[in-house]
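Shown next, in structure tokens, is the structure this report addresses.
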Amino acid sequence: MKLLIVTNGFPPSATGGVEVYSQDLALSLLNKEVEVSVLARETNIKLKDYQLLVEKLNDIKIYKIINDFKELKNFEQFYINHEINKIYESIIEDIHPDVVLFNHLIGLSVSLPLITKQNKIPYFVMLHDYWPLCQRVNLINSKNKICPGPKAGGNCFDCLTNNSINITKFSDISFLLIKKLIPYYLRQKIKEILGLRSSFYPTLPSNKYTLIKRFDNFYNSIINARAIFVPSLFVKNIYVRNGYPDGQIKVLPLGIREINHNKTHIKEVANEIRFGFIGTLIPIKGVDIVIKAFKKLPYTNIKLYIFGRDDVNINYTNYLYDLCKGDERIILKGKFHPDERDLIYSYIDYLIIPSISGESFSLVAREALIRNIPVIASDIGALSEVILPGKNGFLFQPGNINSLYKILSKIILSPSYKFNNVDSFSKIYTFDEHTDLLLQYIKE
88 MKLLIVTNGF
98 PPSATGGVEV
108 YSQDLALSLL
118 NKEVEVSVLA
128 RETNIKLKDY
138 QLLVEKLNDI
148 KIYKIINDFK
158 ELKNFEQFYI
168 NHEINKIYES
178 IIEDIHPDVV
188 LFNHLIGLSV
198 SLPLITKQNK
208 IPYFVMLHDY
218 WPLCQRVNLI
228 NSKNKICPGP
238 KAGGNCFDCL
248 TNNSINITKF
258 SDISFLLIKK
268 LIPYYLRQKI
278 KEILGLRSSF
288 YPTLPSNKYT
298 LIKRFDNFYN
308 SIINARAIFV
318 PSLFVKNIYV
328 RNGYPDGQIK
338 VLPLGIREIN
348 HNKTHIKEVA
358 NEIRFGFIGT
368 LIPIKGVDIV
378 IKAFKKLPYT
388 NIKLYIFGRD
398 DVNINYTNYL
408 YDLCKGDERI
418 ILKGKFHPDE
428 RDLIYSYIDY
438 LIIPSISGES
448 FSLVAREALI
458 RNIPVIASDI
468 GALSEVILPG
478 KNGFLFQPGN
488 INSLYKILSK
498 IILSPSYKFN
508 NVDSFSKIYT
518 FDEHTDLLLQ
528 YIKE
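Take a look at the structure:
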């Protein structure tokens, strides 16, 4: 079987969750005698947009389309790109895939699935987040409140424009608007390019029908898939509440890489309790909540390690560094390569996931549990599907510093309180098991 994976990025230049998953999946499928190709959006500010690069990883052919929105002219171009459509058609003609799996379309074009259908090729769609529903990706509105989605009470037009119909161009407003209109994934590149090429300013959505059109384009591309995969019941319920067909959506939990026990960090102080955060330093991840709760603790035998990218939201990163000043128990370790995960987790006795928006799955929760590390998580999104309070961790009220502080205190003051075999309370798939299940669905 020839299978084409379409994704928003691919290592080594892109190392976010979906991008790393795409690489892991491609390699896993290759081991199962599937002939795999990959199409990914690529960023390179020095090259022209729509330049096509072709690379090889083992026996996997990887097509990379440069798209940094260097000539972004209108709102629709964020999600419909006719140049990328043409390139995709040529790639389809080149490799003749038997099936296409769409992992993510951000930075590509919503039209690609329907082009696949026109070529009479069956396709499947993996919904890792809420990009088809939300221009801001995470269903957090401009007031930093959780949004139910466009068909469940959300107001996309007001969120993106504050109902300022007369403001139509980036040139009329501050770059602060980029925070509202452009996802974290693309924001820095857009700012760089708009600064370099001031002649190109994309228009804002002119009215609510522009955003209805966006929703309809995604909806029509996705529901024509043979099946729609989501990583959790939480994500499925959000899409169903926003009009997607219940029966077509299958919950397919993601898989976890195997553990390398040779990559470990030796605990320096035997009685020390080490808490940790792993993830990108952005507001919706709630890193400030952890720091504020931790700083209230008066104990000296504790540490807080913070791992993750700190270059996505510089203002927020600077705020976090300011919060940490004067407390040597808090160590910001910065970003790390995915292959260093085993080493990173060896620094941690308890993982904290303080998200203020609904996590769609949380690989880090499962990566911790499979290493017998309990998880302290916000009671929001899919986290409650894997964390069983008192069994493999604790849940606290999202955004509530005191709620988290009480749990941390309980752990510190009760040294006899032990979690045992925390990986046994929730089913955690290996990546191999995940791939087998995916292939089973595809072959049905």
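My numbering numbers the first residue of the sequence shown as 88 and each following residue consecutively.
C-beta atoms are modelled at their ideal positions from N, C-alpha and C, and glycine is treated no differently.
Since we're looking at a predicted model, the values are computed, not measured.
Check                                                                                                         : Outcome
Boundaries of the alpha helix (DSSP H) in which F381 is found, first to last residue                          : V374 to K382
Three CB pairs or more closer than 8 Å across the segment 196-212 and the segment 166-184                     : yes
H215 versus A113, G103 and I152, residue with shortest Cα-Cα distance                                         : G103
Proximity winner among N489, F364, G421 and G413, relative to D436 (alpha-carbon distances)                   : F364
Own chain partners of N225 with C-beta closer than 6 Å, once the 5 adjacent residues on each side are dropped : I371 and S444
Residues that DSSP places opposite E142 in a beta bridge                                                      : I149
Residues near Q110 by beta carbon distance below 7 Å, same chain, minus five either side                      : F97 and P98
Same chain only: Cβ atoms within 8 Å of L117, ignoring 5 sequence neighbours per side                         : V123, N145, D146 and I147
T517 in three-state terms, based on DSSP                                                                      : strand
Contact check, N473 vs R453, beta carbons under 8 Å                                                           : Correcting the residue type first, residue 473 is Val in the shown sequence and not Asn. Result yes, Cβ atoms of V473 and R453 sit closer than 8 Å.
Touch test, the segment 420-439 against the segment 391-403, Cβ-Cβ under 8 Å, three pairs minimum             : yes
For K478 and L524, the rounded distance between their alpha carbons                                           : 27 Å
Beta-carbon proximity list for K337, same chain, < 6 Å, skipping 5 on both sides                              : A314 and F316
K422: CB within 7 Å of a non-hydrogen atom of the ligand MN                                                   : Questions concerning the ligand MN fall outside what the structure shown contains, since it holds no ligand whatsoever.
Under 8 Å between C-beta atoms of H183 and K89                                                                : yes
Rounded distance between the beta-carbons of I92 and L139, thought under 8 Å                                  : Contact flag wrong, Cβ pair sits at about 16 Å.
Those residues which DSSP pairs with A464 across a bridge                                                     : I440 and L482
Rounded separation between Y516 and S293 - CA only                                                            : 45 Å
DSSP beta-bridge partners of A314                                                                             : F211
When R416, M213, R128 and I488 are compared against F165, the one with the closest alpha-carbon               : R128
Opposing strand residues paired with T94 [DSSP bridges]                                                       : A127
Selected residue, minimal CA-CA separation from L134, among E158, N358, N95 and L112                          : E158
Nearest-angstrom beta carbon gap, S471 and L482 [assumed within contact, 8 Å]                                 : 6 Å
Among T130, L126, D136 and N131, the one whose alpha carbon lies nearest that of I149                         : L126
Alpha helix (DSSP H) runs contained entirely in the segment 297-342, provided each spans 4 or more residues   : 320-328
Residue closest to S100, alpha-carbon to alpha-carbon, out of P425, E531, G468 and L500                       : P425
Within 8 Å, strictly: CB atoms of V377 and I439                                                               : yes
Residues bridged to F394 [DSSP beta-bridge criterion]                                                         : I365 and G421
Straight-line gap, Y217 to G236 (C-alpha atoms, nearest Å)                                                    : 9 Å
V451 - containing beta strand (DSSP E), residue span                                                          : Here V451 belongs to no beta strand (DSSP E); instead the alpha helix (DSSP H) covers L450 to L456.
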